[in-house]
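Undergrad: Numbering (my numbering) for the first sequence: 7 to 289. Yeah, the Cβ is synthetic: ideal placement off N, Cα and C, and Gly gets one too.
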Amino acid sequence: MHDYDLDATLNCGQAFNWRRDGDAWRGIVGGRWVELHSRAGKIIARAETPQPDWSWLEEYLQIHVPLETILAEFPTDDASLNQAVEACRGLRLLKQDPWECLASFILSSTKQIVQIRQITGLLRSRFGEQASVPIGCAEAFAFPRPEQIAERTEAELRECKMGFRAPYLLDASRKIAGGELDLNRIAGLPLVEAQEVLMQIKGVGEKIAECVLLYGYGFPTAFPVDVWVARALREFYFRGRKVDLPKLRRFASSHFGSQAGYAQQYLFHFIRTRRIQDKESGK
DNA sequence: GACCAGGACCATT
DNA sequence: AATGGTCATGGT
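1. So Leu-176 is in the alpha helix (DSSP H); what residue range does that whole segment cover?
2. From Leu-77 to Asp-11, what does the alpha carbon distance come to, in whole angstroms?
3. Determine the extent of the alpha helix (DSSP H) in which Ala-228 is found, giving its start and end residues.
4. For Glu-165, count neighbouring C-beta atoms within 10 Å of its own C-beta (all shown protein chains included) and say buried if the count is 16 or more, exposed if not.
5. If you run the structure through DSSP and keep just helix, strand and coil, what is Gly-169?
6. Please report the Cβ distance between Tyr-272 and Phe-257, rounded to the nearest whole angstrom; I am assuming they are in contact, meaning their Cβ atoms lie under 8 Å.
7. Select from Glu-79, Val-139, Glu-41 and Ile-122 the residue whose C-alpha is nearest the C-alpha of Ser-264.
8. Would you give the residue range spanned by the alpha helix (DSSP H) that Asp-13 belongs to?
9. By Cβ distance below 7 Å, which residues in the same chain neighbour Thr-227 in space, the five residues on each side in sequence not counted?
10. Among Leu-239, Ser-44 and Ser-179, which has the Cα closest to the Cα of Phe-149?
11. Starting from Ala-30, follow the beta strand (DSSP E) in both directions and report where the run begins and ends.
12. Looking at Gly-224: is its Cβ nearer than 7 Å to the Cβ of Lys-101?
13. For Ile-182, which option in Val-203, Gln-89, Leu-163 and Trp-234 has the closest C-alpha, if you only look at C-alpha atoms?
14. Can you find the residues in the same chain that come closer than 8 Å, C-beta to C-beta, to Lys-289, ignoring five residues on each side of it along the sequence?
15. Output needed for Leu-63: all residues of its chain with C-beta closer than 7 Å, excluding positions within five of it in sequence on either side, in chain order.
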């Protein structure tokens, strides 16, 4: 896969279940331990036991998605977006488990990505089931299911450093475990209705709902606007002016077209990595 | 120590 | 409709 940038894809703030070890990425997908390498234009995968069928991983990584076709849907007269694509061509959107995605992004609000990794990691190791790993590898845990979270107390969840987000995660897990909310039903709904269903959960607003719809369900026009994307939109399309979130969202929905979600991810990764580089070069 | 982080919610104008 | 404060915790 010459057009698959594994580093960017696994480390661009859409998923929080990957750790780099040398040139390998290790994580849990669908409860299974897996290790990924990018080598000579190919992605090499290793699981704990031999896999007769890798379709679960191909689906997660969206291997079959033709990236060039998606990029061809981007607005052509957009220099900033073109620049973002050039900076990290090969960046992909994953197809994550909706529940894990929902729970992770409930925990994401006003948290840095390193901290989201820490919180979800604590949640796994305390409440998730231990996965089998190859000899010599660090222990790993599946993401706890809704029922496993729902039976905990708010105080127990707060011990995972999630602070005021604990009642939000508890509300989500209990609505789902209790059958009040069916995550399987969301996939077939129109975007706006799907978003409204998710926003019935306390602590889930427009942004978090769009993250779940984009990363967990693959709605191609979902366009989450966080502080970074807002920053990018204001700088690139409004000459740095103060523009409020509703206006930014309206602009995005009219400008980026049928693959707006992908465009969002390129802008997010572009402006974030640029900021990090600026800091490293002493600015 | 100040400021910020892949926000949401609620009270006040 | 639009601000503004608050929430918990840790990184830079």
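TA: This is what the structure holds:
1. 172 to 183
2. The straight-line gap from Cα to Cα measures roughly 15 Å.
3. Run containing Ala-228: none; DSSP gives neither H nor E here.
4. Exposed is the call here.
5. helix
6. Under the criterion of beta carbons closer than 8 Å, Tyr-272 and Phe-257 do not qualify as touching, at roughly 16 Å.
7. Glu-79
8. 12 to 16
9. If the five residues before and after Thr-227 are omitted, its C-beta is found closer than 7 Å to the C-beta atoms of Leu-197, Ser-264, Ala-266 and Gly-267, all from its own chain and listed in chain order.
10. Considering only alpha carbons, the answer is Ser-179.
11. 30 to 35
12. For the pair Gly-224 and Lys-101, the CB atoms are nearer than the 7 Å cut-off.
13. Val-203
14. Residue placement at Lys-289 cannot be trusted, given a pLDDT of 46 that sits under 50; the coordinates are not used to answer.
15. If we look at Leu-63 and ignore the five residues flanking it on each side, its Cβ neighbours are Val-35, Val-40 and Ala-51.
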